[in-house]
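Peer 1: This is the structure, below, for whatever I ask next.
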Amino acid sequence: MFSQRFPIKALPEIYEEVSLLVKNAVSLWSWHHHTTTVFRQRLPGTVSVFVGEEQFLVHRFLLEGSPLFHEAVEGKHREVRLPPLTVNFTHILTLLKIRWCLQLHSAMSELDHKLCSLRRLADGVLWVITQQFADAPSDSVFSRKVQQTGANLNLNSVLDDLIEQLQRVMGIGFDAFLDYVRSCDAHRSLERSSVDLSLPRVSVNVTMQNTMDDIYTAYLLRLPPSIRILSMIEDLETFQIRPPEVPEYDTSILRKWLSATTAMTKKRLEKSVQRQVVHLVANIEMRDPRTFDLDQPFYDKEAMDAELFDMLCEVVSHHSTFPAEIRERILVNVPQLYGLTKEQFQKMASMSMVNRDDPTLSHEELHKLKDKELDRLSKRTEVLGQRNHHCRLPSLSGMPSKSGKTPKYWEVADLPMQMRNSMEFPPPPQTREWTDRRVPFKVPCVTGPWTWDPDVGRFRAQGVFSKSGNLGS
C-alpha cells in the first residue's frame with residue numbers, strides 16, 4: 295500500500311518500484327485477459343518520425359497527445375516527416391511519455407489503487423531529480439553524509455523501462471491494455487481496491503498532474519543552458535501540446551530555509567526549497583515581470599530585483615543541496631537575460647566557487663590553528679635561528695574589503711542589554727527611620743599616638759616637648 299510504504303529517495307528504489315508496479319498490473323490484468331507471449335509474436339509497432347535528417351522510433355500510442363500525428367495514430371502511415379522546425383523533439387517526446395504515464399495512473403488506479411498507483415513512483419522521481427546528492431546513512435544527527443550513487447536520474451531511461459516491461463510481460467494482452475488506458479481520463483481517476491469495504495470514489499488528479507509538470511520542468515532545467523524554456527514552450531505550441539504549468543513567482547520557503555539557524559530545520563525544508571528553486575529558475579527564464587527592478591535603468595536589459603539576486607547567489611553557493619545543472623544555468627543565463635553590474639557579476643562568480651554546505655570551523659578551532667602556527671614559527675626561530683618575527687606580528691593593513699571604511703576601534707560600542715540592566719540601581723527599600731544615639735566620632739588633635747606611661751599610670755600623647763618613657767620596660 296502506498297500510504298504504508300516509505301518514500302523513494304534513491305535511484306535503485308525507483309527501478310524496484312517500476313518492477314513491482316508492472317508485476318502487480320500484470321497479475322490483475324491476467325485475470326480477464328490473456329498475457330501469454332508467443333515466440334515471434336508481433337506486438338503493436340512503432341512509427342518512424344523524421345525531423346529534418348534525424349529519425350526517431352516512437353510508440354504509436356505516445357503520439358496521441360498531439361493532433362499533428364492523427365494519421366499516424368490511426369495507422370494510415372508508418373512514417374511521419376516533419377520540417378526541421380525544432381531541434382528539441384527528443385525533449386518533446388519526453389513530455390508525451392509523461393502525459394501518457396498520467397493517463398496510465400488513472401487506468402491502474404481503477405484496477406487497484408493500493409497496488410498499482412503511480413503516485414509513489416512520481417513522488418520518488420521528483421525527489422531524486424531535484425537533488426544533487428542522495429543521503430547516506432550516518433550515526434550522527436549533527437553531521438550530514440551524502441553519496442553520489444542513487445542521485446543521477448535518467449528520466450527517459452525510467453520511462454522507457456516502464457513501457458518496455460509492460461509491453462514484454464503483458465504479451466498479446468498489451469493491445470487490449472492500451473485500449474483500456476486510452477479510455478481513461480487523465481484529469482481524474484476512479485480509485486477502487488479489492489480490499490476496500492467502501493464503494494469506489496472519484497479522485498481528481500490535480501496533485502499528480504502538478505507533480506508530473508514539476509518533473510518535466512526539473513528535467514528541462516537540468517539540460518544544457520543553451521536550451522531555454524521559452525524556446526521549448528514555442529516548440530510545444532508548434533506541435534499543439536499543452537506546456538507544463540509553472541507556479542507563480544514565490545520565494546517564501548527559500549527565505550525560511552536561508553534564515554534557518556539549525557541543521558534540522560534546514561533538513562526539514564530541503565525538499566520543499568529544492569522544488570521551489572525549480573519554479574524560481576523557470577520563472578526567471580520566462581522573464582516574470584516581478585523579477586525586474588524598474589528603479590535601476592539599463593539600456594537594453596531590465597535589472598534584476600536586488601533581493602532576488604541575493605537569493606540566487608545563495609543558491610549557487612550550496613553545491614550539495616541544489617543540482618549542478620541548475621546552478622550552471624543560473625550562472626550562464628541570468629547575465630544574458632538581465633542587466634547586472636560589474637560588482638553583481640563578480641559577487642555571483644565568487645560565491646559560486648565556495649560550497650557553503652561544507653562544515654565550517656568554529657572560532658575555537660580557528661584560534662587553535664593560529665596558536666599552533668605561532669608555536670611552530672617560534673620553535674623554528676629557536677632551533678634554526680631564522681628570523682621570522684615579522685610573521686608573528688599582527689598585520690598593519692586590513693582586508694581589501696575593509697579598505698576605506700572606519701576602523702572598528704573608532705566606533706563607540708553600545709553596552710549589551712544585560713549590562714545596561716545591571717547598571718541601573720534599584721530603589722532603596724522603605725524601612726523605619728533609625729537614630730544613632732552614639733557620640734559622633736572626632737579626630738583627636740594630638741601630635742602622636744597614645745602610649746602607656748608607667749609613672750603616671752595612664753595613656754598620654756607623645757609630643758615633641760613631653761618626655762615619654764621607654765616602651766616595653
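Residues in the sequence shown are numbered from 295 upward in steps of one, following our numbering.
C-beta atoms are modelled at their ideal positions from N, C-alpha and C, and glycine is treated no differently.
1. What does the Cβ neighbour count give for residue 637, buried or exposed, with the cut at 16 atoms within 10 Å?
2. Thinking just about the alpha-carbon of each residue, which of 311, 496, 559, 542 is nearest to the one in residue 459?
3. Measure the CB-CB distance between residue 613 and residue 649 and report whether it falls below 8 Å.
4. Determine which residues share a DSSP beta bridge with residue 376 and list them.
5. Could you have a look at residue 654 and say whether DSSP puts it in helix, strand or coil?
6. Just list the alpha helix (DSSP H) runs in the stretch 590–617, keeping only unbroken ones of 4 residues or longer that don't cross its boundaries, in chain order.
7. For residue 507, collect the residues of the same chain with a Cβ closer than 8 Å to its Cβ; drop the 5 residues on either side in sequence, then sort them by chain order.
8. With H, G and I counted as helix, E and B as strand and the rest as coil, what does DSSP make of residue 567?
9. Using the Cβ count rule (16 or more neighbours within 10 Å means buried), how would you classify residue 640?
10. So, for residue 296: in the same chain, excluding its five sequence neighbours on each side, which residues have a beta-carbon less than 7 Å away from its beta-carbon?
11. Could you tell me the distance, in whole angstroms, from the CA atom of residue 562 to the CA atom of residue 430?
12. Can the beta-carbon of residue 534 be found less than 8 Å from the beta-carbon of residue 305?
13. Quick check on residue 617: buried or exposed, where buried means 16 or more other Cβ atoms within 10 Å of its Cβ?
14. Kindly indicate which three-state DSSP category residue 417 falls into: helix, strand or coil?
15. Residue 301 to residue 502, Cα distance in whole Å?
16. Give a yes or no on whether the C-beta atoms belonging to residue 646 and residue 610 are separated by under 8 Å.
17. Taking the alpha carbon of residue 465 as the point to measure from, which residue in 653, 316, 660 has its own alpha carbon closest?
18. How big is the Cα-Cα spacing for residue 334 and residue 462?
19. Quick one: using the 10 Å Cβ neighbour count with 16 as the cut-off for buried, is residue 599 buried or exposed?
20. Please report how far the alpha carbon of residue 753 lies from the alpha carbon of residue 708, in whole angstroms.
21. Cβ atoms of residue 602 and residue 571: under 8 Å apart, would you say?
22. What did DSSP end up calling residue 508 once you bin it into helix, strand or coil?
23. For residue 503, does the three-state DSSP call read helix, strand or coil?
24. What is the residue span of the alpha helix (DSSP H) that residue 451 lies within?
25. I'd like to check one pair, residue 392 with residue 509: are the Cβ atoms closer than 8 Å?
Peer 2: In brief:
1. exposed
2. 311
3. yes
4. 345
5. coil
6. 600–610
7. 538, 539, 540
8. helix
9. exposed
10. At residue 296, the pLDDT of 46 sits below 50, so the modelled position is not reliable; the number obtained from the coordinates is stated separately. 408, 411, 413, 414.
11. 16 Å
12. no
13. buried
14. helix
15. 15 Å
16. yes
17. 316
18. Reliability of the predicted coordinates at residue 334 is poor, the pLDDT of 47 falling under 50, and the value obtained from them is presented with this limitation in mind. So the alpha carbons of these two residues sit roughly 12 Å apart.
19. buried
20. 60 Å
21. no
22. helix
23. helix
24. 449–464
25. yes
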